[in-house]
Structures are given as structure tokens and as C-alpha cells.
Amino acid sequence: MPSVRIRQILAEVMVGDRHGFPARLCLVCAEKLPVSGAGLAFMTSAGHIGTITATDGAAAELEELQQALGEGPCVDAFRDGQPVLQPDLAATGLSRWPGFTDGALEAGVAAVFAFPLQVGAIRLGVLDLYRDSPGSLDQPQLAEALAFTEAATAILLHLQGKAPPGQLLHPRLAEVVESRREIHQATGMITVQAAVDVADALLLLQAHAFGSERPLLEVAKDVVARRLRFGPAGDHDG
Amino acid sequence: MSREQQLAGVFVELADTLVADFDVIDFLHTLTERSVELLHADAAGLILVDPHGQLQVLASTTDQARVLELFELQNSQGPCLDCFRTGQPMVNVDLAEVEARWPRFQAATTAAGFRSVHALPLRLRGQVIGAMNLFCQDRASLSDDDVSVGQALADVATIGLLQERTARHTEIVAEQLQGALNSRILVEQAKGVLAERTGVDMDEAFKLLRAYARRNGSQLSAVAEAVIGGSVTVTSP
């Protein structure tokens, strides 16, 4: 049974339209903790598969970067099933995630705290918190962040539990994947073009986006529209 | 050992079974056995409502007690059922009263050699999920203390059971969500594979995928996975 604190959070967040619950959770979380913003993302073994909600531009950019690059605190938090705390990203992030750290610092992110959303052995995504100046979370604040993480998981499950009959995913959750479906479609196309597996195909796509300094989704749309092809050795022309 | 010490031991034992690998049947057997010991009863049986609203006999300390519980369910009468319906304990019900209230149950109780029966509800904040019957051969009555102890055990058991149900439900929804996300991505990737191999657009690729799954009675995500892995070739019919 959820703890008293989690129930309090849910009572504060779960008001009004159900579709707004994830956004409200992130807003309330950013209010209660000494952080500048928060974002929620779905993740699977295929990596970061889409931002569910983000409180502001920097939080959105933080998610975007991790999906585009396939690296970052949320990727590690999800993989290892434990929080990743980076109170001073400039000092410690560069060696661990060079691409992500560059982009995050540029977006005004100075500290990142990533918490995996999990139920037993089942992992669904991450809650990412960021600060625009370096600084850590103390023990009570960490406990509060973990309560928000559990509340976030409960909200996603609540939405999923309300999926209309015959639909695999609740529409609010389906749109997260739906809005970025070209990334997965392009990945599938590249497996054939470059004769590689899915993981390598995604890496090729990410590398191209990074090299050309373009959003991953835009590059993926080029592949789907057959304006960009990847050759067998990873060569591409477009 | 004093009763307080025994009781503390039982609470720890019940709490201990609530952790990993929770087994409802094992948990309820522990509850009935310890209740018999602590209340100096001779047998106990427990009925629980299942997710479909049906009552089931889930635990009993003796075969006799089990038969009596089943008898109550089959004949729709008896102290356990009344206790479940009202949510109120029924204690120190002697044979005369049993006969007046549940004539058919009385015959079965007497035949089993019991002199008194008692029923305690498994309830939490108005929600009743079952009831525990206690049967005594020699004792005609339970003291108020006995009843308090028995109800405390039943209350702890109820919290454990409700917690387990919530946890199991949560896990099922989490699994569905994870499965749905994975399936969604596999299908998009497979559409890409098909679009590239056959030159069709994404909508057409999806139609091919779905038609193949229907023809072969397979799940869409399974076909998608096979297409991505190259073990299935889907072409226009």
C-alpha cells in the first residue's frame, strides 16, 4: 500500500482531467524540491522512447538529448535500476556522457537527478529532475524525490488501467510513442539498408543526427521519406 | 510464555510471510493454526471472497472444520456466512442457538462433536473480505480477551491480504504497460523493415503485417519480431 506521503502527492496531483496528471505531477514535484524543472520519459530495452511530459524547455531538451544520443543519466538509471545523482554535471558528467553533458550544459542544466520508474522487476521509464545551478539533494529531499517517483509510476499505471477496451495503451501514453514513431520506422529501414541489427541501426541514426546537428526525429523523417539512405558500411547519402 | 509474548511472536510470524514470495494459502493456514493455539479452540476454518465475488474455503486446521465450512457455503447458512454478510463478530454461539438460527448447520456441528462456534470477520474500514470460524469441543465460551486477540489476528491478516491484492494488481498493469510499449515499438520497426524490403509506404507495410498476423493466427507483435529478426518474409498477397 502506498505510503502516506505518496497518497498525499497523488491527492494533490490527481485532480481535473486525467490527461493532465503527468504534467501536474512534474510541476508539483519541481515546486516541492529545490530543482528548476522535471521531466518524465518512457524507456524500454530499446532506450529512451519518448518524453511523456516536461515542465519547461530545458527539461524537454534534457529528455530530447538522451533520446537523440542514447546516453545520459536516465539511460543509466533505467539500465541499472537505481537513481543517478549528478549534483555538478560540469565536474563529473563529461567523462561519463560527453555528448549529453555538452548539450545539457548548453541548455542551462547544471545538475541532474534521474530516478527509475519501476514495479518489482518491471521498469517503465524515468523521472528526471534538473537544477540550473550545481547543488545536491539532502536525505529528506531524496526521500521526497523517491516519493514523487513512486507517485509518477502510480499515475502511469492509473492511466494505463483506464485504457479504453480493445486498446493496448491509454491514448495519453500512446501519443508519446506515436509522436516519434518515425524514429522506430527509420531504425527498421536502416537494419535492411545497412544490414545491421536494430541496436546498431539506431546508433547509425543517432550518429548521423549528432554529426549533422539535427534533431533525431527530423533525420528519421528523412529516412522514412527516402530522402536519406544508409549504405552497408554505414555510409549514407541524402 | 505469556499470551502477550505468544501474540507478539505470531504477529512477527504473520508479518514475515508478507515479504517476498507471499503465498496466500500458506499465510491463511498460519493464521488459522495460531488462532486455534492462542484462543484454545479446537479447530478453525476460513472463507474468503475471490475477485469474482464468490466465497471460497481457503484454510482449515482439520478436515472436519473444512467440511463444516463447505457445508455452510453449499447450504448458504451458518455463522461464517452471517459474519461475512454483517461484518460483525459472532461469538459464543451455543448449540441451542445454532439450531435456532441454522438448523442444517447444527446437525453437522453436533456430528463433528463441537459444543460452540465463533466467527470473526476479516474486514478493513467497512470492506469485508471473509470470515474465520473457530470451533470448540469442550469450551462453551470465549472470553472478551480471547475475542480481542482473535479479531486482532484477523485484522492483521486482512491488511496482509489486501496489500497482496493491490500489489498483484499493480504488477499486472505494469506488465501490460511494458508489453504494450515494447509491442508498439516492435511494430513500428517492423513496418520500417517491410517498407524498405518491399518499397511500400508505412500504412501499406502495416496492412501487410496485420494481414499476415491474421492469416497465421499470430499476435501482431510476434510477427513484428519475426520480421525484424528476418525469420519471416511478409510480401503482398
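Those sequence lines, one after another, are chains A and B. Going by our numbering, the first residue of the first sequence is number 49, and it counts up by one from there. Going by our numbering, the first residue of the second sequence is number 1333, and it counts up by one from there. Every residue, glycine too, gets a C-beta built ideally from N, C-alpha and C.
One alpha carbon belongs to residue 103 of chain A, the other to residue 1416 of chain B, and they sit about 49 angstroms apart.
Fewer than three beta-carbon pairs drawn from the segment 192 to 201 of chain A and the segment 147 to 154 of chain A are found closer than 8 angstroms, and the two stretches are therefore not classed as touching.
The C-alpha of residue 1356 of chain B lies about 20 angstroms from the C-alpha of residue 1399 of chain B. Distance between residue 1518 of chain B and residue 1541 of chain B, taken at the CA atoms: about 11 angstroms.
For residue 54 of chain A, not one C-beta of chain B is nearer than 8 angstroms to its own C-beta.
The beta carbon of residue 72 of chain A sits closer than 7 angstroms to those of 61, all from its chain and outside the five residues before and after it, given in chain order. With a cutoff of 8 angstroms on beta-carbon distance, residue 1496 of chain B and residue 1354 of chain B are scored as near each other. By the criterion of at least three beta-carbon pairs nearer than 8 angstroms, the segment 1459 to 1478 of chain B is in contact with the segment 1376 to 1384 of chain B. Per DSSP, the beta-bridge partners of residue 1454 of chain B are B/1462. Neighbours of residue 1517 of chain B in chain A, taken as residues at a C-beta separation under 8 angstroms, are given in chain order as 92, 94, 97, 225, 232. Taking CB atoms only, residue 1506 of chain B has a neighbour in chain A less than 8 angstroms away. Listed in chain order, the non-local C-beta contacts of residue 1391 of chain B below 6 angstroms within the same chain comprise 1360, 1361, 1364, 1378, local neighbours out to five positions each way being set aside.
Bridge partners of residue 101 of chain A according to DSSP: A/88. Counting along the chain, residue 237 of chain A sits inside no beta strand (DSSP E); it lies in the alpha helix (DSSP H) bounded by residues 229 to 241.
In the structure shown, residue 164 of chain A adopts extended strand secondary structure according to DSSP, grouped into three states.
The CB of residue 1379 of chain B never comes closer than 8 angstroms to any CB in chain A; the least such distance is about 24 angstroms. The beta carbons of residue 216 of chain A and residue 1512 of chain B sit closer together than 8 angstroms. Burial check for residue 1456 of chain B: the Cβ neighbour count within 10 Å stays below 16, so the residue is exposed. One finds nothing in chain B with a Cβ atom closer than 8 angstroms to the Cβ of residue 244 of chain A; even the nearest lies about 12 angstroms away. Taking the Cβ atoms as the reference, residue 1405 of chain B lies roughly 7 angstroms from residue 1389 of chain B, within the contact range of under 8 angstroms.
Inter-residue distance for residue 279 of chain A and residue 264 of chain A is about 18 angstroms (C-alpha atoms, whole angstroms). Our two residues, residue 1401 of chain B and residue 1445 of chain B, have alpha carbons roughly 15 angstroms apart in a direct line. Taken through DSSP and simplified to helix, strand or coil, residue 1447 of chain B comes out as coil. In the pairwise beta carbon analysis, the segment 70 to 90 of chain A is classified as touching the segment 179 to 190 of chain A: at least three pairs are separated by under 8 angstroms. One thing to note: residue 1537 of chain B has its Cβ within 8 angstroms of the Cβ of residue 1527 of chain B.
Chain A places no beta carbon closer than 8 angstroms to that of residue 1455 of chain B, leaving this residue out of the contacts. Using a CB distance cut-off of 8 angstroms, residue 1502 of chain B counts as an interface residue toward chain A. For residue 96 of chain A, the three-state secondary structure derived from DSSP is strand.
For residue 1375 of chain B, the uninterrupted beta strand (DSSP E) run begins and ends at 1375 to 1381, by DSSP. Residue 1407 of chain B has its alpha-carbon roughly 32 angstroms from the corresponding atom of residue 1501 of chain B. In this structure, residue 162 of chain A sits near residue 125 of chain A, with a CB-CB distance shorter than 8 angstroms. Selection B/1348, B/1450, B/1490 evaluated against residue 1461 of chain B yields B/1490 as nearest (Cα-Cα).
What residue 170 of chain A touches in chain B, judged by beta-carbon distance under 9 angstroms, is 1503, 1506, 1507, 1509, 1510, going in chain order. The Cβ atoms of residue 267 of chain A and residue 238 of chain A lie no closer than 8 angstroms to each other. Going by C-alpha positions, residue 1453 of chain B is about 60 angstroms away from residue 234 of chain A.
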